[in-house]
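Just so you know, the numbering used here puts 201 at position 6 of the sequence shown, and the rest follows in order with no gaps. Below is one structure, written out as structure tokens; the observations come after it.
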Amino acid sequence: MLDLNGKNAFVTGIANNRSIAWGIAQQLHNAGANLGVNFLPDEKGRYEKKVRD
């Protein structure tokens, strides 16, 4: 597995948890990267909670 501990990554274009950008963000997180993300807000805030967790 790729070791990205201490590396920073910024993922844009996250539309929902089925988007390619979401999968990329998950893999970067699993590899140890510090993430910055940009996503479209949903009306009830459910998606933002998933990203923050």
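Cβ coordinates follow ideal geometry from the N, Cα and C atoms, glycine included.
Rounded separation between Phe234 and Gly201 - CA only: Taking C-alpha positions only, Phe234 is separated from Gly201 by approximately 23 Å.
Boundaries (first-last residue) of the alpha helix (DSSP H) holding Leu235: Where Leu235 is concerned, there is no enclosing alpha helix (DSSP H), because DSSP gives it neither an H nor an E.
Looking only at C-alpha atoms, which of Arg247, Asn225 and Arg213 sits nearest to Leu197? For Leu197, the nearest C-alpha among the options comes from Asn225.
Short of 7 Å in beta carbon distance, which residues of its chain neighbour Leu199, apart from the five on each side in sequence? Order them along the chain. Scanning its chain for C-beta atoms nearer than 7 Å, with the 5 sequence neighbours on each side dropped, one finds around Leu199 the residues Leu223, Ala226, Gly227 and Ala228, in chain order.
Would you identify the three-state DSSP class for Asn211, choosing helix, strand or coil? When secondary structure is reduced to three states using DSSP, Asn211 falls in the coil class, being assigned neither helix nor strand.
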